[in-house]
Amino acid sequence: TTGRPKGVVISHTALIVQSLAKVAIVGYSEDEVYLHTAPLCHIGGLSSAMAMLMVGACHAFIPKFEATLALEAIEQHHVTSLITVPAMMADLISSVRLKRIQKGCDSVKKILNGGGGLSDNLIKDATRLFPRAKLLSAYGMTETCSSLTFMTLFEPMLEASGTSLQMLAITSSSPVKARGVCVGKPAPHVEIKICVDGSYNVGRILTRGPHVMLRYWDQIPEKASNSVEETWLDTGDIGFIDDHGNLWLVGRTNGRIKSGGENIYPEEVEAVLIQHPGVLSSVVVGIPDPRLTELVVSCIRLRENWQWSDDSFKYSVQSNELFLSSTILRLHCREKNLT
């Protein structure tokens, strides 16, 4: 997202502390049968593999990730843990629905998701597919040797006792949820701070600790910030920390839209739009505008049975179908305090 690919120089210490953090937070043990779903050339796959080596777990491999292959491996090897990204989880769920089978998924006890947040619907579907699995999400990057923060999305023991999930940190009705995606709390050895830009508590996410890369390959060490604290790494993400110590992601620094003198982060708008019952997914971009500098535009994918209309009618009595329009979505955004 920031130009040409860059090699990242990572210390042995970073690999060790990050792998140990996964062991402690996720709860891996020598009884694990770990399915390698992520490439070992990716930091998430490498760090998780090292965590499993540390605890003496059993490793199960497939040639590449395909939902069918993964489900077969889970059944054959009685897999207890794996890592996913949202696309992998969606493929696993779709594959099970198409084939109408669900064998072997009860053996899975731990799932760590990274590479993007899971939607509420994906979380619900995942807990049905893996009813005995503790589902966690992680936020990180190659420059930090994998995960910075962790959050539990589903805990079977709490679900059995009647505790509502989505979960342990934030409810869907939380007013702060409209501002971004919650990614949980940092691991014990990870320091995170927000370099605030303006009057709001939203700013650049900085981190430091033994997990931070040494430098980019074949480049001089880059300064993380313009302050004297050069040991902080600028993640390139924008966010804030709430009153409970949870980190929230609002957007990327280089994805910011400048409109009418205001800084607008596409992810913040997308998070509000997707809360409308008629919106399945949304991508927000900025396009040049002579008056506002940039105009905020969204590409919308509608849910089934919803139709797009140029007027503001919400539904058609005759067809009993639901309609969406630009006017309706603007009103929806105002109701969610997105100005």
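By the working numbering, the letter at position 201 of the sequence shown is numbered 575, and the numbering carries on one by one without gaps.
Ideal Cβ placement from N, Cα and C applies to all residues, glycine included.
Neighbourhood of Ile648 by C-beta distance below 6 Å, restricted to the same chain and skipping five residues each side: Here residue 648 corresponds to residue number 274 of the sequence shown, with the count starting at 1. Around Ile648: Ser656.
According to DSSP, residues forming a beta bridge with Lys632: As a working mapping, residue 632 is identified with position 258 in the sequence shown. DSSP lists Asn637 as partners of Lys632.
Of the residues Arg471, Leu510, Pro505 and Pro460, the one placed nearest Cys479, counting alpha carbons only: Taking the sequence shown and counting its residues from 1, one reaches residue 479 at position 105. Of Arg471, Leu510, Pro505 and Pro460, the residue nearest in Cα terms is Pro505.
Where Val570 falls, given that 16 or more other Cβ within 10 Å makes a residue buried: By one-based count along the sequence shown, residue 570 stands at place 196. That one is exposed.
Paired residues, beta bridge with Val397 - DSSP: Here residue 397 refers to the residue found at position 23 when the sequence shown is read from its first residue. Val397 pairs with nothing; no bridge assigned.
Extent of the continuous alpha helix (DSSP H) run through Ala561: Taking the sequence shown and counting its residues from 1, one reaches residue 561 at position 187. No alpha helix (DSSP H) contains Ala561, which DSSP labels as neither H nor E.
Cα-Cα separation between Arg708 and Thr701, rounded to whole angstroms: Within the sequence shown, numbered from 1, the residue matching residue 708 stands at position 334. Within the sequence shown, numbered from 1, the residue matching residue 701 stands at position 327. Their Cα atoms are separated by approximately 11 Å.
CA-to-CA distance, Leu486 to Glu446, given in whole angstroms: On the sequence shown, position 72 is the one that residue 446 refers to. On the sequence shown, position 112 is the one that residue 486 refers to. So the two alpha carbons sit approximately 19 Å from each other.
For Asp499, the nearest candidate out of Tyr408, Leu676, Ile467 and Ala441 (CA to CA): The sequence position of residue 499 within the sequence shown is 125, counting from 1. Taking only the C-alpha atoms, the option nearest Asp499 is Ile467.
Same chain, Cβ closer than 8 Å to Ser633, neighbours up to 5 away in sequence not counted: By 1-based counting over the sequence shown, the position of residue 633 is 259. Closer than 8 Å at Cβ, skipping near neighbours: Gly660, Asp663, Leu666, Thr667, Glu668, Leu669 and Val670.
Residues of its chain near Gly554, where Cβ-Cβ distance is below 7 Å and the 5 sequence neighbours each way are ignored: Position 180 of the sequence shown, counting from 1, holds the residue named residue 554. Around Gly554: Gly613, Trp622, Leu623, Val624, Glu641, Glu642 and Ala645.
Span of the alpha helix (DSSP H), counted from its first residue to its last, around Thr411: In the sequence shown, residue 411 corresponds to position 37, counting from 1. Note, Thr411: premise wrong, no alpha helix (DSSP H); not H, not E.
Limits of the unbroken beta strand (DSSP E) element including Lys484: Counted from its first residue, the sequence shown places residue 484 at position 110. Note, Lys484: beta strand (DSSP E), Lys484 to Asn487.
Own chain partners of His650 with C-beta closer than 6 Å, once the 5 adjacent residues on each side are dropped: Translated into the one-based positions of the sequence shown, residue 650 becomes position 276. Excluding positions up to five away in sequence, the list reads His706.
Contact under 8 Å by Cβ, Tyr590 with Lys380: Working through the sequence shown from its first residue, we reach residue 590 at position 216. Working through the sequence shown from its first residue, we reach residue 380 at position 6. Yes, Cβ-Cβ distance for Tyr590 and Lys380 is below 8 Å.
Where Asp405 sits in the DSSP three-state scheme: By 1-based counting over the sequence shown, the position of residue 405 is 31. In this structure, Asp405 counts as coil in the three-state DSSP scheme.
Separation of Asp684 from Leu522, as counted between CA atoms: The residue given as residue 522 occupies position 148 in the sequence shown. The residue given as residue 684 occupies position 310 in the sequence shown. In a straight line, the C-alpha of Leu522 is about 44 Å away from that of Asp684.
Outcome for Ala561 when other beta-carbon atoms lying within 10 angstroms are tallied against a minimum of 16: As a position in the sequence shown, residue 561 is number 187, starting the count at 1. Buried: at least 16 other Cβ atoms inside 10 Å.
For Met717: DSSP bridge partner residues: Since the first residue of the chain shown is 375 and the last is 713, residue 717 is not available in this structure.
Beta bridge counterpart(s) of His386 as assigned by DSSP: As a position in the sequence shown, residue 386 is number 12, starting the count at 1. BP columns for His386 are empty, so no partner.
Reduced DSSP secondary structure (H/G/I, E/B, other) of Leu705: Taking the first residue of the sequence shown as 1, we reach residue 705 at position 331. Helix, per DSSP.
Where Lys498 sits in the DSSP three-state scheme: Along the sequence shown, read from residue 1 onward, the residue named residue 498 stands at position 124. Helix at Lys498.
8 Å contact criterion, which Ser481 and Ile457 should meet: CB distance rounded: The count along the sequence shown starts at 1 and reaches residue 481 at position 107. The count along the sequence shown starts at 1 and reaches residue 457 at position 83. That belief does not hold up - the Cβ atoms of Ser481 and Ile457 are roughly 16 Å apart, past 8 Å.
Rounded C-alpha distance that separates Asp494 from Met424: Position 120 of the sequence shown, counted from the first residue, corresponds to residue 494. Position 50 of the sequence shown, counted from the first residue, corresponds to residue 424. When rounded, the distance between both Cα atoms is 30 Å.
Endpoints, alpha helix (DSSP H) assigned at Thr458: As a first step, residue 458 is located in the sequence shown; it is residue number 84 there, counting from the start. From DSSP, Thr458 is part of no alpha helix (DSSP H) but of the beta strand (DSSP E) over Ser455 to Thr458.
Simplified DSSP state of Asp611, which is helix, strand or coil: Counting from 1 along the sequence shown, the entry for residue 611 is found at position 237. In this structure, Asp611 counts as strand in the three-state DSSP scheme.
Ser511 versus Gly490: straight-line alpha-carbon distance, rounded: Residue mapping note: residue 511 aligns to position 137 of the sequence shown, counting from 1. Residue mapping note: residue 490 aligns to position 116 of the sequence shown, counting from 1. Their backbone Cα atoms lie some 9 Å apart in a straight line.
Residue from Gly577, Leu414, Thr609 and Arg677 with nearest C-alpha to Phe697: Indexing the sequence shown from 1 puts residue 697 at position 323. Of the candidates Gly577, Leu414, Thr609 and Arg677, the one whose C-alpha sits nearest the C-alpha of Phe697 is Arg677.
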